[in-house]
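Right, one structure below, let's go through it.
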Amino acid sequence: MAAIETLLLLGLIVCAVAANFTRNLLPTIIIYAAFGTMLSVIWILLKAPDLAITEAAVGVGIDTILFLLALRSMHHLDGTGDGK
Amino acid sequence: MELNEILRHLAENRFETASVLLFVVGLAGMLFNRNLFKKVVSMGFMDSAIFLFLTSAGYVEGRIAPIIADPSVPATVEVYSNPLPAGLVLTGIVVSVSFTAFGLALTQRLYKKYHSLNIDEIMMQARKSED
Amino acid sequence: MKKPLWYEKLERWVEGDSPALPEPLAHVENPEPVKEEEAPVQHGPSLLRSAGGTAMNRLTTAFGILCCAIFALLMLTTVAYLPRFGDADNAPENETSRRYIEQGLEEVGATNLVTNIILVYRGFDTYGESCVLFLGATAVIMLLEADRKNTSQKDRLALRRSDALDEEERNQILGHITTVLMPVIFLYGLYILCNGHLSPGGGFAGGSILGGALILCENAFGARRVQSFFNHKVYHIIKVGALILYAVLICYTIYVGANGLPNLIPLGTPGSILSAGIILPINVAVGLEVACTMYAFYTYFGRGDL
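Here the protein sequences come in this chain order: U, W and F.
Taking numbering that gives the first Met the number 0, I'd label the letters of the first sequence as residues 0 to 83.
Taking numbering that gives the first Met the number 0, I'd label the letters of the second sequence as residues 0 to 130.
Taking numbering that gives the first Met the number 0, I'd label the letters of the third sequence as residues 0 to 305.
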């Protein structure tokens, strides 16, 4: 159990660092969604199922949709110069 | 305390340690990212770090989630983990979504006006238009 | 490395062939995440970066890194002195949570103790939080509403054109699957909403699932179909009505509790769906509020209107 917990915690930190080092903004959003998913597993491990279900619905679902929509409406991807 | 002992304590309190590291990563992201979009994302990481810290304070080893399975048995503290931090964090998660939406709306308006997400660029253009 | 198909699709969607936006933006920024040094901005003479600017900036960056490091050290030291994780005599394990666990079921009536706390014991707190949601939605509407002041005639025409285009080439697969899935998703959301006092979930989770279902509806059937039953009027009525219902219920509880009056709302048998007094209506109110807010966020980011 402790191994899974440690793995998830490490995953959280890796996600948070990686989100700062992407050249495009779309990967940042995907990393953010992955972060939320891992966090919602951690809530289960911490015996807080209410938080898990809310995080999965709000933190992963709605937040990701918001970010994607904002990015889309800002037309920003062609600006980040990753080459398509 | 010895360094060894400190490290051992940190490894024992791994959730708190991880949440502190997450918070610092988020803080660094807020400070050093020039991109407004990434600043909003970093703020989300900082939120999550605080939630992680609070929730891990309420966890007690060997106790089950605070949902009473059998109402006929009187509930005791020894069985259920602490519901108080979970209640606090639950409201926090929803507020953080509100914040994200607000931050993104502001960013979008700035982008509409200055056609850039870079904070330096925006400041430069704003000052230029002031003169 | 080849990008997977879903990523390419997502990328294309984000880039958008939608004409709803102002002309393609020639002007771009460099998003290179800057850690050590500032990426110099080379656009003409700037006030920020005249002669001593870069040195000043480097100093600021160094100071920022120093602050982060000091903060991290300080907090890590604090964590090292915290009581052991998972210990039974942690600081939060005090008489407050004991009261909530041991008396919660008799006093409030919900088997989910977290719901007891957030909706009744600390209901006032959660009411403030619902108001934060309300304000958040209002602020987003103020900032993003596409009204006469901030949109040109061209933008509005483009929006109308993209709507018409959407109407013509609606995705058939998405439409059919949504027709099948929609009742299930709504049922799931309602289940989580109405079982908030018995199982994990409650107003916030259920409400955002309902909001997500509305968003899916909008994507599959087009904005006009959703507008036919969810327009500005319905939106305002639900939003304000839910908030007022919540306020009335919480005021009643506080009044009764503070004056020691008998509670007229029966608590019911614990564990059945119609139990726990005011929790079920409050959950429904919060859920409606959250669903409306989420859908409003979505539509105002996407179209600038409901």
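Backbone N, C-alpha and C fix where the C-beta goes; we use that ideal spot for every residue, glycine too.
C-beta contact flag for residue i and residue j at 9 Å
{"i": "W:Ala48", "j": "F:Cys67", "result": "no"}
{"i": "U:Thr53", "j": "F:Ser198", "result": "no"}
{"i": "F:Phe300", "j": "W:Ala100", "result": "yes"}
{"i": "U:Glu92", "j": "U:Ile64", "result": "Residue 92 of chain U lies beyond the range of chain U shown here (0 to 83); nothing can be said about it."}
{"i": "F:Phe220", "j": "F:Gly286", "result": "no"}
{"i": "W:Pro70", "j": "U:Ala47", "result": "no"}
{"i": "W:Leu20", "j": "F:Ala71", "result": "yes"}
{"i": "F:Leu173", "j": "U:Leu25", "result": "no"}
{"i": "F:Leu209", "j": "F:Val289", "result": "yes"}
{"i": "F:Gly188", "j": "W:Ser97", "result": "no"}
{"i": "W:Leu142", "j": "F:Gly63", "result": "Because residue 142 of chain W is not part of the residues shown, which for chain W are 0 to 130, the question remains open."}
{"i": "U:Leu50", "j": "W:Phe50", "result": "yes"}
{"i": "F:Gly85", "j": "W:Tyr58", "result": "yes"}
{"i": "F:Glu144", "j": "F:Asp304", "result": "yes"}
{"i": "F:Ala295", "j": "F:Ile140", "result": "yes"}
{"i": "F:Leu73", "j": "W:Asn12", "result": "no"}
{"i": "W:Val93", "j": "U:Val16", "result": "no"}
{"i": "W:Val24", "j": "U:Ile12", "result": "yes"}
{"i": "W:Ala10", "j": "U:Leu8", "result": "no"}
{"i": "W:Pro82", "j": "F:Ser129", "result": "no"}
{"i": "W:Ile67", "j": "F:Leu112", "result": "yes"}
{"i": "W:Gly91", "j": "F:Arg121", "result": "no"}
{"i": "F:Ile214", "j": "F:Cys291", "result": "no"}
{"i": "F:Arg155", "j": "F:Ala222", "result": "no"}
Residue i, buried or exposed, once every other Cβ within 10 Å from all chains shown has been counted against 16
{"i": "F:Leu186", "result": "exposed"}
{"i": "F:Tyr126", "result": "buried"}
{"i": "F:Ile253", "result": "exposed"}
{"i": "F:Pro3", "result": "exposed"}
{"i": "W:Arg33", "result": "buried"}
{"i": "W:Asp130", "result": "exposed"}
{"i": "F:Tyr99", "result": "buried"}
{"i": "W:Glu1", "result": "exposed"}
{"i": "F:Leu239", "result": "Note that residue 239 of chain F is Val in the sequence shown here, rather than Leu. Under this definition F:Val239 is an exposed residue."}
{"i": "U:Leu20", "result": "Leu is not the amino acid found at residue 20 of chain U; the sequence shown has Phe there. Under this definition U:Phe20 is an exposed residue."}
{"i": "U:Met37", "result": "buried"}
{"i": "W:Glu60", "result": "exposed"}
{"i": "F:Lys232", "result": "exposed"}
{"i": "F:Val179", "result": "exposed"}
{"i": "U:Arg71", "result": "buried"}
{"i": "F:Glu217", "result": "buried"}
{"i": "W:Gln107", "result": "buried"}
{"i": "W:Tyr110", "result": "buried"}
{"i": "U:Gly35", "result": "buried"}
{"i": "F:Tyr306", "result": "The structure shown does not extend to residue 306 of chain F, since chain F spans only 0 to 305, so no value can be given for it."}
{"i": "F:Ser271", "result": "exposed"}
{"i": "F:Asn258", "result": "exposed"}
7 Å CB neighbourhood of residue i in its chain, flanking five on each side removed
{"i": "W:Ala56", "result": "Pro84"}
{"i": "F:Ala212", "result": "Met181, Ile184, Phe185, Gly188"}
{"i": "W:Glu15", "result": "Phe52, Ser55"}
{"i": "U:Leu67", "result": "Ile28"}
{"i": "F:Ala284", "result": "Ala241, Leu244, Tyr245"}
{"i": "W:Val88", "result": "Phe50, Leu53, Thr54"}
Contact with chain A by residue i, beta-carbon distance below 9 Å
{"i": "U:Ala55", "result": "Considering every chain present, this structure includes no chain A. Its protein chains are U, W and F."}
Proximal residues to residue i (C-beta, below 8 Å), its chain only, five neighbours per side dropped
{"i": "F:Pro269", "result": "Leu104, Gly108, Ala109, Thr110, Ala275"}
{"i": "F:Asn282", "result": "Thr114, Leu118, Leu192, Cys193, Gly195, His196, Gly201, Gly202, Gly205"}
{"i": "W:Tyr113", "result": "Glu120, Ile121, Gln124, Ala125"}
{"i": "W:Ile63", "result": "Val78, Tyr79, Ser80"}
{"i": "F:Phe133", "result": "Lys238, Leu242, Glu288, Thr292"}
Same chain only: Cβ atoms within 6 Å of residue i, ignoring 5 sequence neighbours per side
{"i": "U:Ala69", "result": "none"}
{"i": "F:Met293", "result": "Ser207, Gly210"}
{"i": "U:Leu6", "result": "none"}
{"i": "F:Arg48", "result": "Residue placement at F:Arg48 is poorly supported in this model, since its pLDDT is 39, which falls under 50; the coordinates are not used for a value here."}
At least three beta-carbon pairs within less than 8 Å, the stretch 117 to 129 of chain W to the stretch 66 to 81 of chain W: no
Validate contact between the stretch 26 to 45 of chain W and the stretch 2 to 17 of chain W using beta carbons, cut 8 Å, 3 pairs: no
The stretch 268 to 281 of chain F / the stretch 245 to 253 of chain F touching (three or more Cβ pairs under 8 Å): yes
Interface positions of the stretch 283 to 295 of chain F facing chain U (Cβ-Cβ less than 9 Å), listed along the chain: Val289, Met293
Against chain W: residues of the stretch 20 to 37 of chain U by CB proximity under 9 Å: Thr21, Leu24, Thr27, Ile28, Ile30, Tyr31, Phe34, Gly35
Near-chain F residues of the stretch 41 to 53 of chain U - C-beta to any C-beta below 9 Å: Ala47, Pro48, Asp49, Leu50, Ala51, Ile52, Thr53
Where the stretch 78 to 101 of chain W meets chain U: residues whose CB sits under 7 Å from a CB there: Ser80, Ala85, Val88, Leu89, Ile92, Val93, Val96, Thr99, Ala100
Residues in the stretch 58 to 72 of chain U having any Cβ partner in chain F nearer than 7 Å: Gly60, Ile61, Ile64, Leu65, Leu67, Leu68, Ala69, Leu70, Arg71, Ser72
Within 9 Å of chain U by C-beta, residues of the stretch 199 to 223 of chain F in sequence order: Pro199, Gly200, Gly201, Phe203, Ala204, Gly205, Gly206, Ser207, Ile208, Gly210, Gly211, Ile214
Proximal residues, the stretch 40 to 61 of chain W versus chain F, C-beta separation under 7 Å: Ser55, Ala56, Gly57, Tyr58, Val59, Glu60
Residues, ordered as in the chain, of the stretch 61 to 83 of chain F that lie near chain W by beta-carbon distance below 7 Å: Gly63, Cys67, Phe70, Ala71, Met74, Leu75, Val78, Ala79, Leu81, Arg83
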